[in-house]
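Only one structure is covered here, and it is reproduced in the block below.
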Amino acid sequence: MKIVGLAIVRTGSDLNEPVPLTVATELSSFGFFQRQSVKEMLMFLTKTFMKRTEPGQRQSVEHEGYVVHCYVRSDGLGGTVTTDGEYPARVAFVMLGQLLDEFAQKQGDSWKTVTTPESVSFPPADEYLQKYQNPAEADKITKIQKDLDETTQILHKTIDSVLERGVKLDNLVEKSNDLSAQSKLFYKSAKKTNSCCVVS
């Protein structure tokens, strides 16, 4: 999971096409001679998809294994985050919302008159790009989900390791004096019900 680039863009009916105000890219996974072409393609996709994104709308567009997440605020300030296909869309939109809010707060209304592409200096864009490269670390909900998945794996391993080699939980349930007949029946019916489905 990685972010390839992000752009903060001015949109509006007074413009022929959206104007990228500031851009940040992480192109180290591409060859040196490919990087300029990749950046140009990112800008082309950004402009193309931002033209087709209405104010207040969020959308994700997939293109050749990458996903461009677009969002335009009601004031015409918008942005894109281009990620690989595995990057969670929710995290991309959270980052984009925070980035646009911070940009609007620091720039005021000065961005509304900019017509020259990539002419606004905004260092936090690079910071966001680095911070959100690992969505599990940057986003609390994703981090909690990852921790929960790891805990579940540990619990599954622990149950298997607690049981002696060759002893099945089914056999222990049958031999147990601590369980009532009703509990044993419930265990068997639950096992039968769950056997038709794969739980992951």
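Residue numbers (the UniProt record's numbering): 1 to 200. Ideal Cβ placement from N, Cα and C applies to all residues, glycine included.
CB-CB length for residue i against residue j, believed under 8 angstroms
| i | j | result |
| --- | --- | --- |
| V68 | L45 | 5 angstroms |
| V91 | T22 | Between T22 and V91 the Cβ distance is about 21 angstroms, and since that is not below 8 angstroms, they are no contact. |
| L129 | A104 | About 18 angstroms; that fails the 8 angstroms criterion. |
| V4 | T83 | 7 angstroms |
| A24 | S60 | Not confirmed; about 19 angstroms, so no contact. |
| E127 | M1 | E127 to M1, Cβ: 18 angstroms. No contact. |
Other residues of its chain near residue i: CB distance less than 7 angstroms, five sequence neighbours each side excluded
| i | result |
| --- | --- |
| V19 | V9, R10, V114, T115, P117 |
| K51 | E17, P18 |
| G166 | Any answer about G166 is weak, because its pLDDT of 47 lies below 50 and its placement is not dependable; what the coordinates show is given next. Closer than 7 angstroms at Cβ, skipping near neighbours: no residue. |
| F93 | R58, H69, Y71 |
| G65 | D84, G85 |
For residue i, the first and last residue of its enclosing beta strand (DSSP E)
| i | result |
| --- | --- |
| E62 | 58-63 |
| L15 | Per DSSP, L15 belongs to no beta strand (DSSP E) and is neither H nor E. |
| T22 | 19-25 |
Neighbourhood of residue i by C-beta distance below 6 angstroms, restricted to the same chain and skipping five residues each side
| i | result |
| --- | --- |
| P55 | V72, S74 |
| L27 | R35, V38 |
| F30 | V38 |
| N134 | none |
| K47 | E17, P18 |
Delimiting residues of the alpha helix (DSSP H) encompassing residue i
| i | result |
| --- | --- |
| D75 | No alpha helix (DSSP H) holds D75; DSSP gives it neither H nor E. |
| R52 | That residue, R52, is in no alpha helix (DSSP H); it is neither H nor E in DSSP. |
| P124 | 124-131 |
| E118 | No alpha helix (DSSP H) contains E118, which DSSP labels as neither H nor E. |
| G97 | 89-107 |
8 angstroms CB neighbourhood of residue i in its chain, flanking five on each side removed
| i | result |
| --- | --- |
| Q102 | Residue identity differs from the one stated: residue 102 is Glu in this sequence, not Gln. These residues qualify, in order along the chain: P124. |
| H63 | L45 |
| L99 | L6, I8, G79, P124, A125, Y128 |
Cross-strand partners of residue i (DSSP beta bridge)
| i | result |
| --- | --- |
| L6 | A24, V81 |
| Y66 | H63, D84 |
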